[in-house]
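To keep things clear, I will list the structure first and then write my remarks on it.
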Amino acid sequence: MIPLRDNIRTRRFPVVTVALIVANVAVFLYQFLLLPESAQRIIFQYGLIPRELTSGVAHVPRPFPLEMTVVTSMFVHGGLFHVAGNMLYLWIFGNNVEDAMGPSRFVGFYLLSGLAAAFAQVWVSPTSPIPMVGASGAVSGVLGAYLLLYPHARVLTFIAVFWYWRLIEIPALIVLGFWILVQVANGLVTFNFQGGGVAWFAHIGGFAAGMALIPFFKRRSVPIRLFRL
């Protein structure tokens, strides 16, 4: 199930959403142009390593305080599909959430969602030596906010099951509800797994943070519609 676009028009150009996409893509292109060893070094230097954060001891030299990796990790990705998927979701759902808040509030909301996502993953894997990278935690916050604000929006979605595929408009409530159920299910299955892979609890934490923060960041004139089904 891959969302392609929604049917909610924005009133203003989503300057922050576009800037975030440009920044993430630019960092990824920089990584891509490096030699493999250098690209790997970027992930360890700018990624968030739970073991380092919880112990306060940095095992990798960095030109900035260890705590800053909570933020820098949001702009580093592990591969093309990783950054493409995150930016696709950010573009589809971020422009409307930004529209409901305004640019300056959206910046704060995005970063706080990313911080909550990072700490959620660190909480379940405090001794992991694997770097956490990617914007997915912050983007998950955007999805949580969108679910509350626009549950009735229609999302053009690509659905493929083996040889069957189809483009269909689905309510955002179903698209995002299914998405978070997948994150929770995978999080429970992989709980306490210390290897690499998807940081499921970062997604869950970011999504929950987005839902919790939206009442404080949205404009007063923008209603929360999820509970008006």
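All the letters of the sequence shown, read from the start, carry residue numbers 26 to 254 under my numbering.
Heads up, the beta-carbon is just placed ideally off N, CA and C, and yes, glycines get one too.
- A buried status is given to HIS102, since no fewer than 16 other beta-carbon atoms sit within 10 Å of its beta-carbon.
- ARG34 sits in coil when the DSSP states are folded into three classes, being neither helix nor strand.
- Per DSSP, ARG245 has no beta bridge partner at all.
- Secondary structure at THR97: helix, using DSSP grouped into helix, strand and coil.
- In this structure ARG76 touches SER153 by the C-beta definition: roughly 6 Å separates them, less than 8 Å.
- DSSP places PHE106 inside the alpha helix (DSSP H), whose first and last residues are 105-126.
- Taking GLY139 as reference, the option from THR35, GLY230 and SER246 with the minimal CA-CA separation is GLY230.
- For LEU78, DSSP records no beta bridge to any residue.
- Annotation: LEU201 to GLY110 spans about 15 Å, alpha carbon to alpha carbon.
- Within the same chain, Cβ atoms closer than 6 Å to the Cβ of TYR114 are found at VAL164, the five residues on either side in sequence being excluded.
- Boundaries of the alpha helix (DSSP H) around LEU198: 197-214.
- When the Cα atoms are used, ASN49 and PRO28 turn out to be separated by approximately 20 Å.
- Taking the Cα positions, GLY104 is about 8 Å away from PHE53.
- The beta carbon of ALA224 sits closer than 6 Å to the beta carbons of GLN146 and MET157 from its chain, once the five residues preceding and following it are set aside; these are given in chain order.
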